[in-house]
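Undergrad: Protein chains in written order, with our numbering: chain A, 87 to 411; chain B, 87 to 411. Idealized CB from N, CA, C, for every residue including glycine. Keep in mind that this is a model prediction, so the values were computed, not measured.
There are 2 protein chains.
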Amino acid sequence: MAVYTDITDEELAGLLADFDIGAATSLKGVAEGVENSNFLLETEAGRYFLTVYEKRVREEELPFFLGLMRHVAQAGFPSATPIADRAGEILKRVRGKPCAIVTFLSGLSVRRPSVAHCREAGEGLAWLHLAAQGFALARENDLGQAAWAPMFAPLVAEAEGLKPGLAATIRSDLERLAARWPTDLPAGVIHADYFPDNVFFAGGQGVARFAGAIDFYFACNDAYAYDVAVALNAWCFEPDGSFNITAARALVAGYESRRPLSGAERAALPVLAHGAAMRFFLTRLQAWGATPAGALVRPKDPLEYERKLAVHRASPDLVLFGSAA
Amino acid sequence: MAVYTDITDEELAGLLADFDIGAATSLKGVAEGVENSNFLLETEAGRYFLTVYEKRVREEELPFFLGLMRHVAQAGFPSATPIADRAGEILKRVRGKPCAIVTFLSGLSVRRPSVAHCREAGEGLAWLHLAAQGFALARENDLGQAAWAPMFAPLVAEAEGLKPGLAATIRSDLERLAARWPTDLPAGVIHADYFPDNVFFAGGQGVARFAGAIDFYFACNDAYAYDVAVALNAWCFEPDGSFNITAARALVAGYESRRPLSGAERAALPVLAHGAAMRFFLTRLQAWGATPAGALVRPKDPLEYERKLAVHRASPDLVLFGSAA
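(1) For residue 112 of chain B, which three-state DSSP category applies?
(2) Residues of the stretch 191-215 of chain A with a CB closer than 8 Å to any CB of chain B: list them in chain order, please.
(3) Buried or exposed, going by whether 16 or more other CB atoms sit within 10 Å of the CB of residue 403 of chain A?
(4) Select from the stretch 107-133 of chain B all residues with a C-beta closer than 7 Å to any C-beta belonging to chain A, and list them in chain order.
(5) Which residue or residues does DSSP assign as beta-bridge partners of residue 168 of chain B?
(6) Tell me where the beta strand (DSSP E) around residue 123 of chain A begins and ends.
(7) Using beta carbons (cut-off 8 Å, strictly below), is residue 301 of chain A in contact with chain B?
(8) Sort A:139, A:312, A:162, A:163 by Cα distance to residue 227 of chain A and report the nearest one.
(9) Classify residue 205 of chain B: buried if its beta carbon has 16 or more other beta carbons within 10 angstroms, exposed otherwise.
(10) Name the residue from B:266, B:152, B:111 whose alpha carbon lies nearest to the alpha carbon of residue 277 of chain B.
(11) Cα separation between residue 336 of chain B and residue 199 of chain B?
(12) Quick check: residue 126 of chain B and residue 116 of chain B, are their CB atoms within less than 8 Å of each other?
(13) Determine the chain B residues that contact residue 288 of chain A at a beta-carbon separation under 7 Å, and present them in chain order.
(14) Would you say residue 189 of chain B reaches chain A, if we count a Cβ-Cβ gap shorter than 8 Å as a contact?
(15) Based on DSSP bridge pairs, tell me the residues matched to residue 274 of chain B.
(16) Using a threshold of 8 Å, state whether the C-beta atoms of residue 118 of chain B and residue 114 of chain A are closer than that.
(17) Where does residue 87 of chain A sit, in a helix, a strand or coil, going by DSSP?
(18) Return the CA-CA distance between residue 202 of chain A and residue 285 of chain A, expressed in angstroms with no decimal places.
(19) Per DSSP, residue 132 of chain B is paired with what?
(20) Between which two residues does the alpha helix (DSSP H) harbouring residue 367 of chain B extend?
(21) Going by DSSP in three states, residue 229 of chain B sits in which element: helix, strand or coil?
(22) How many angstroms separate the CA atom of residue 262 of chain A from the CA atom of residue 355 of chain A?
(23) Ends of the beta strand (DSSP E) at residue 180 of chain B?
(24) What residues in the stretch 142-167 of chain A bring their beta carbon closer than 8 Å to a beta carbon of chain B?
(25) Residue 293 of chain A: buried (16+ other C-beta within 10 angstroms of its C-beta) or exposed?
(26) Are there 16 or more other CB atoms within 10 angstroms of the CB of residue 165 of chain A, so buried, or fewer, so exposed?
(27) Between the alpha carbons of residue 98 of chain A and residue 146 of chain A, how many angstroms are there, rounded?
(28) With 8 Å as the limit, tell me which residues of the stretch 309-341 of chain A have their beta carbon closer than that to any beta carbon of chain B; keep them in chain order.
(29) Can you have a look at residue 264 of chain A and say buried or exposed, based on whether 16 or more other CB atoms are within 10 angstroms of its CB?
(30) Assuming residue 273 of chain B and residue 308 of chain B make a contact with CB atoms under 8 Å, what is their CB distance in whole Å?
(31) Terminal residues of the continuous beta strand (DSSP E) containing residue 285 of chain A?
(32) Might you give, ordered along the chain, the residues of its own chain that have their beta carbon closer than 8 Å to the beta carbon of residue 111 of chain A, omitting 5 neighbours on each side?
(33) In the DSSP assignment, the alpha helix (DSSP H) including residue 156 of chain A goes from what residue to what residue?
(34) May I ask you to report which of helix, strand or coil DSSP gives residue 239 of chain A?
(35) Can you tell me where the beta strand (DSSP E) with residue 198 of chain B in it begins and where it stops?
(36) Residue 154 of chain B and residue 187 of chain B: beta carbons closer than 8 Å?
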């Protein structure tokens, strides 16, 4: 939720001169995206999003993210599509920073997903997995299981500061995950950050109709079922920390309506969900320690994911009740 | 540049249920407005702005601001217009805070106004003054000349910290302004914050066509020529601190194309411009001292207006060269 880059009318006009979308009629900085600066851009031709990539995004990875958005949109998946300029380029520069203009995607994200939202979200995730098939580029999951132990090593004191004794628990979790992590599950391009704020619904209040997904900047190649596990953690916990089995069952059923899980994928869900909780616990712990008090962006609470870790540690079978079996 | 209030899909649906503008299809927090939270709202009926008023806006003043926006829009001035709900109400509440839904105004503000922009801006300001005539409500200018000495009293140390010796200079300015301040100029509702970021232009790069004004939350009753003086300070200084007489002449000429200044108004421009610089110097000095290091919103530099004060102090006639005489 930040706008880092400021764009003048001259800079905007210079950028748009390369495109066939007319002159700008409106530009509003949007309080969305922590890694990028986002602007709602209106031109004579329509509405767009202008994303300026700040230093946290590695420029050499942008062709993967932008190409993926284009690939899934061309396959019919509802997502923002990068617009090419007259020379066919989608990765542009403004104010010395990489940027892209993408189509505007309508829809509202939900704060507290209902069971019906979870079903739709699950179906949308499978749709995305299928739409991404055939995409020519690949990107390693640099926040995958192999990365967790090295990520945790410098955060031991941080974890102890959060909760005494936590470091030993996390170390034991990491060993268990390393020993049991599945390596031969069906894999492909996954979203890897399929949280409610990255999924849009349409149809008005009370109606849950999947309308698309945004924010592909963690997308990578990994097991499809790991993406389901990330989503189970993000969508199916109640505010009180309990796991909502009905919501989880709906999410998996929605997923399987488009792409049935194999027996091996389903059996792996407990360890995948435990690992997915570890991944978000660790990145939140990193951000927590790195953020000075009173900073511009308040980091997300790592304890939320510490509690999810505890649920999966204590009751690995919970997630299995969420399967459509 | 901030979004303080977060609105859930349920809260938004509850608000929109009172209106005849259909269900929401998109809601984006916009990085605009320091006093309020602003959202770009799209519904089945069109595009709107949803403004949620934060604690700095006094709720009892909102009928003045919203009524004024409605009045000038009905008089044909291009500004965002508050939308009434089915019961005829324009001041609503969401999440316990006052809010309003206003129409979307297209246009781009300019960072570095050209002489042509200044002319258009001047004409737009006169248009606004005329469009506001007949508005039934009135609001005292609580940041007017009478307020400056009491505002400065607690800021003496702050001023000295900015620049040793500044407090005595400001005190002498305040005495001079009090002695010379005109009290019988033509008056009415003024914008009082007519800065380039509150004025929209249309027509694409290189074309300066006035497209409207926003942010009426400092509007009040005061001398029309004081509003011109605020605008001269805001639009006609170069980045190097020098006053651009050509730009000032264009701004005043644009203004006079709709509303000619009287001899008394023109003669008062030097003291009014000096006073207008004082008003923004003082509020920036207040904000500067009140803002902790590393805060969410970086305050504007009071020294920019200290330099403008110095220009008007040393060369009061400069502004007169900007008149169309």
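TA: To lay it out plainly:
(1) Residue 112 of chain B sits in a strand when the DSSP states are folded into three classes.
(2) From the stretch 191-215 of chain A, only 192, 193, 194, 195, 196, 197, 198 have a Cβ closer than 8 Å to chain B.
(3) Residue 403 of chain A is exposed by the Cβ-count criterion.
(4) Here the close residues are 109, 110, 111, 112, 113, 114, 115, 116, 117, 118, 126, 128.
(5) Residue 168 of chain B is bridged by DSSP to B:188.
(6) Taken as a continuous stretch (DSSP letters only), the beta strand (DSSP E) holding residue 123 of chain A covers 122-129.
(7) Judged by the 8 Å Cβ criterion, residue 301 of chain A is not in contact with chain B.
(8) Nearest to residue 227 of chain A by C-alpha distance, out of A:139, A:312, A:162, A:163, is A:312.
(9) Burial of residue 205 of chain B is indicated by the presence of at least 16 other C-beta atoms within 10 angstroms of its C-beta.
(10) Cα-wise, what sits closest to residue 277 of chain B is B:152.
(11) In this structure, the alpha-carbon of residue 336 of chain B lies about 12 Å from that of residue 199 of chain B.
(12) Yes, Cβ-Cβ distance for residue 126 of chain B and residue 116 of chain B is below 8 Å.
(13) Residues of chain B with a Cβ closer than 7 Å to the Cβ of residue 288 of chain A are, in chain order, 111.
(14) Contact with chain A is absent for residue 189 of chain B, since none of that chain's Cβ atoms lies less than 8 Å from the residue's Cβ.
(15) Beta-bridge pairing links residue 274 of chain B to B:308.
(16) Taking 8 Å as the cut-off, the Cβ atoms of residue 118 of chain B and residue 114 of chain A count as close.
(17) Unreliable positioning characterises residue 87 of chain A in this predicted model, as indicated by a pLDDT of 38, which lies under 50. The coordinate reading is nonetheless provided below. In the structure shown, residue 87 of chain A sits in coil (DSSP, three-state: anything other than H, G, I, E or B).
(18) For residue 202 of chain A and residue 285 of chain A, the distance between alpha carbons rounds to 14 Å.
(19) B:129, per the DSSP bridge assignment.
(20) For residue 367 of chain B, the uninterrupted alpha helix (DSSP H) segment begins and ends at 349-376.
(21) Coil, per DSSP.
(22) Taking the CA atoms as reference points, residue 262 of chain A sits about 15 Å from residue 355 of chain A.
(23) Following the DSSP letters along the chain, one finds residue 180 of chain B inside the beta strand (DSSP E) bounded by residues 178-180.
(24) None of the residues of the stretch 142-167 of chain A has a beta carbon lying less than 8 Å from any beta carbon of chain B.
(25) Answer is exposed; the Cβ neighbour count stays below 16.
(26) By the beta-carbon neighbour count (other beta carbons within 10 angstroms, threshold 16), residue 165 of chain A is buried.
(27) If I take the Cα positions, the gap works out to 23 Å.
(28) Flagged: no residues at all.
(29) With fewer than 16 other Cβ atoms within 10 Å, it is exposed.
(30) At roughly 6 Å, the Cβ-Cβ gap stays under 8 Å, so residue 273 of chain B and residue 308 of chain B are in contact.
(31) Run containing residue 285 of chain A: 285-288, per the beta strand (DSSP E) assignment.
(32) Around residue 111 of chain A: 128, 129, 130.
(33) Residues 148-160.
(34) Note: residue 239 of chain A maps to helix in three-state DSSP.
(35) Here residue 198 of chain B belongs to no beta strand (DSSP E), and DSSP marks it neither H nor E.
(36) By the CB criterion at 8 Å, residue 154 of chain B and residue 187 of chain B fall outside the cutoff.
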